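Note that the numbering used here numbers the sequence shown so that position 70 is 84, with each residue one more than the last.
Right, one structure below, let's go through it.
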Amino acid sequence: MSVKTLPAKIDWQHWMERWDIQQSHHLAMREERFEIMLDAVATLCQPECIVLDLACGPGSISQRLLAQLPESQAIAVDYDPVLLKLGQEALGDVNGRLHWLKVDLNDPNWVVKIQETLARLGRTHLDAVLSSTALHWLTTPRLIDVYREVAQLIRPGGCFLNADHMAFTPTLATFRNLSLQAREQRMEKGTHGVKSETFTQWWAAIETQWLAADPALQTLFDEHHSHYQVRDRSYGKALASLHLSALADAGFLEVDTIWQRYDNRVVLAIRG
Numbered sequence: 015m016s017v018k019t020l021p022a023k024i025d026w027q028h029w030m031e032r033w034d035i036q037q038s039h040h041l042a043m044r045e046e047r048f049e050i051m052l053d054a055v056a057t058l059c060q061p062e063c064i065v066l067d068l069a070c071g072p073g074s075i076s077q078r079l080l081a082q083l084p085e086s087q088a089i090a091v092d093y094d095p096v097l098l099k100l101g102q103e104a105l106g107d108v109n110g111r112l113h114w115l116k117v118d119l120n121d122p123n124w125v126v127k128i129q130e131t132l133a134r135l136g137r138t139h140l141d142a143v144l145s146s147t148a149l150h151w152l153t154t155p156r157l158i159d160v161y162r163e164v165a166q167l168i169r170p171g172g173c174f175l176n177a178d179h180m181a182f183t184p185t186l187a188t189f190r191n192l193s194l195q196a197r198e199q200r201m202e203k204g205t206h207g208v209k210s211e212t213f214t215q216w217w218a219a220i221e222t223q224w225l226a227a228d229p230a231l232q233t234l235f236d237e238h239h240s241h242y243q244v245r246d247r248s249y250g251k252a253l254a255s256l257h258l259s260a261l262a263d264a265g266f267l268e269v270d271t272i273w274q275r276y277d278n279r280v281v282l283a284i285r286g
């Protein structure tokens, strides 16, 4: 009598680690950016702060925030069902301190879900909002609107931090070329001389291996693919100067870059 082989269970921690590895390969000094952001939160906010992890992916910021600030809470929001599933399974709710929400930043009503969650936590405003390598997916008009919406969610004196590639102005052609060449050389050489799987390879691997273990997850991948098919990437990414001016116009009193490597920046904005 033959013995039926059961499919292997999904090792959620393994896939979370692979996400971090491929992201670190793609993004120069990713962990240093996180460190800068979390140091700012630790300095500017109370220990029991509530932080929004905006366009969180699988929750990399939330994971580090909750480990570094043991009295804090995080609200992690994203639109991708696969990354949310990974984060929820790998991280859980961290003893009730991590709250997962699915939101679409292209829908202005996304803020209602945040306000409802804050109300359940006995709060009216966030202490901080953090985002990393995500808001470039928004069109410039929508990015400007999201900054206004974010500002209304943050208490006076609270902060917003955005880590991303934010381009120099076209008149600074040498600066733009240096940034591009540095990024291309890093991708070619890999991290510490060792090439890692690419973003595309990671997604291909996760889909193949997750579905082999649990075919019911197909609905998540179908939704993931449908999101990417309707994304419009015909527009140019917002310049660094636009990010700064849009944040100032949104109601942040102090706005500037607090960390930078070529066009890879962390922008800090203090709510008025």
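Beta carbons: idealized from backbone N, C-alpha and C, even for Gly.
Since the structure is predicted, the reported quantities are computational estimates derived from the model, not experimental observations.
Spell out a yes or no on whether the segment 146-164 and the segment 181-188 are touching, meaning 3 or more CB-CB pairs, one atom from each, closer than 8 Å.
-> no
Please report the residue range of the beta strand (DSSP E) in which Asn278 lies.
-> Asn278 to Arg285
Could you check what DSSP says for Ile24 in three-state terms: helix, strand or coil?
-> coil
Neighbour-count burial assignment, His39, 16 or more Cβ in a 10 Å radius | buried
Find the nearest neighbour of Gly265 within the set Gly172, Ala133, Thr222 and Thr271, judged by alpha-carbon distance.
-> Gly172
Report the three-state DSSP secondary structure of His121 (helix, strand or coil).
-> Sequence check: residue 121 is Asp here, not His. Three-state result, Asp121: coil.
Closest to Ala148 by CA distance: which of Gly71, Asp141 and Gln223 is it?
-> Gly71
Residue range of the beta strand (DSSP E) that includes Gly101 | Note, Gly101: premise wrong, no beta strand (DSSP E); alpha helix (DSSP H) at Pro95 to Leu105.
Indicate whether Gln300 and Trp216 have their beta-carbon atoms separated by less than 7 Å.
-> A query on residue 300 cannot be resolved here, the shown segment of the chain reaching from 15 to 286 and no further.
So Ala177 and Val65 are in contact, right, with Cβ under 8 Å, and what is the actual spacing, rounded?
-> In fact, because the Cβ distance is near 14 Å, the residues do not count as touching under 8 Å.
Whose CA, out of Ala56, Arg111, Ala227 and Leu157, lies closest to the CA of Ala252?
-> Leu157
Apart from the five residues just before and just after Lys18, which ones in its own chain have a Cβ nearer than 6 Å to its Cβ?
-> Residue placement at Lys18 is flagged as unreliable, the pLDDT there being 44, under the threshold of 50; a coordinate-derived value is accordingly withheld.
Which class does Ser146 belong to by DSSP, given the choice of helix, strand or coil?
-> strand
From the DSSP output, read off the bridge partner residues of Leu175.
-> Leu144 and Leu282
Taking all protein chains shown into account, do 16 or more other C-beta atoms lie within 10 angstroms of the C-beta of Ile288, making it buried, or fewer, making it exposed?
-> There is simply no residue 288 to check, as the chain begins at 15 and stops at 286 in what is shown.
Residues that DSSP places opposite Leu112 in a beta bridge = Ala88
Leu282 and Leu175 closer than 7 Å at C-beta | yes
Kindly identify the DSSP beta-bridge partner or partners of Thr271.
-> Val281
What residue range is occupied by the uninterrupted alpha helix (DSSP H) comprising Leu194?
-> Ala187 to Lys203
What are the start and end residues of the alpha helix (DSSP H) that includes Leu167?
-> Thr154 to Leu167
Sequence-distant residues of the same chain with beta carbon closer than 8 Å to Glu31, five excluded per side = none
Distance, Asp25 Cα to Thr214 Cα | 20 Å
For Leu234 versus Pro122, is the C-beta spacing smaller than 7 Å?
-> no
Where Ile168 falls, given that 16 or more other Cβ within 10 Å makes a residue buried = buried
Please name the residue or residues paired with Ala181 in a DSSP beta bridge.
-> Leu253
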